[in-house]
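K.L.:
In the UniProt record's numbering, the protein residues as written are 1 to 175.
Once you've had a glance at the structure underneath, I'll fire off some questions.
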């Protein structure tokens, strides 16, 4: 998570998951089970090394909510640590995420969510505010230098789409 948005009430959950899609699903499930408010940030973080995996982090608005979350997550058998594992998490839960469906302009996306800016892959300039962005109902910005940034790529008709696709084809799927 970005340093500007990290609260002292952040925590990391290590469920031992190896896939982003499963981690996304677990983030949503845990947020629902814990009845977390919509202003919570929930991110995935890739852990490399001898045991590669995806860990989850939550930035919570208060100490009582953090304490309750730790108790409930530990009770569910999860390994929980305080803080976030790094500053470059991939945001799955963030304010406004649920409203980013269908096609909207870059300006609408920025005004409806906690996303700070949109960049276009391979282009140094930011897209114009009126540029259409087809969300594909899957918007996963990442923390970069304390800002929540959505990387997009050009699509047909002058529109943009998020760089991360909702249903990626596994490597070597046709072999």
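Glycine included, each C-beta is placed from N, C-alpha and C at the ideal position.
Within the stretch 85–122, note down every full alpha helix (DSSP H) run reaching 4 residues or more, in order along the chain.
P.N.:
Fully enclosed alpha helix (DSSP H) runs of 4 or longer: 106–112.
K.L.:
Give the straight-line distance between the Cα atoms of residue 115 and residue 109, rounded to the nearest whole angstrom.
P.N.:
Spanning the two alpha carbons is a distance of roughly 8 Å.
K.L.:
What first and last residue would you give for the beta strand (DSSP E) that runs through residue 56?
P.N.:
That run of the beta strand (DSSP E) goes 53–59.
K.L.:
To the nearest angstrom, report how far apart residue 119 and residue 151 are at their CA atoms.
P.N.:
Those two C-alpha atoms are separated by around 5 Å.
K.L.:
Determine the contact status of residue 58 and residue 75, defining contact as a CB-CB distance below 9 Å.
P.N.:
No. Outside cutoff.
K.L.:
Output the boundary residues of the beta strand (DSSP E) element that contains residue 74.
P.N.:
Premise fails: residue 74 lies in the alpha helix (DSSP H), 63–75, not in any beta strand (DSSP E).
K.L.:
What does the Cβ neighbour count give for residue 28, buried or exposed, with the cut at 16 atoms within 10 Å?
P.N.:
So residue 28 counts as exposed.
K.L.:
Using three-state DSSP, classify residue 3 as helix, strand or coil.
P.N.:
In this prediction, residue 3 has a pLDDT of 41, which is less than 50 and means its spatial position is unreliable; what the coordinates show is noted afterwards. It is coil, neither helix nor strand.
K.L.:
Quick one: residues in its chain with C-beta nearer than 8 Å to the C-beta of residue 2, no 5 flanking neighbours on either side, listed in chain order?
P.N.:
Reliability fails at residue 2, whose pLDDT of 47 lies under 50, so the model's placement of it is uncertain and the value that follows must be treated cautiously. Here the set comprises 87, 143, 144, 145, 146, 147 and 148.
K.L.:
Please report the distance separating the alpha-carbon of residue 128 from that of residue 70.
P.N.:
The alpha-carbon atoms of residue 128 and residue 70 are separated by roughly 42 Å.
K.L.:
How many Å lie between residue 45 and residue 56 at the Cα?
P.N.:
Rounded to the nearest angstrom, the two C-alpha atoms are 6 Å apart.
K.L.:
Confirm, please, whether the CB-CB distance from residue 80 to residue 140 is below 9 Å.
P.N.:
Contact: no.
K.L.:
What's the call for residue 62, buried or exposed, on a 16-neighbour Cβ count within 10 Å?
P.N.:
Classification of residue 62: exposed, given that the 10 Å Cβ count is below 16.
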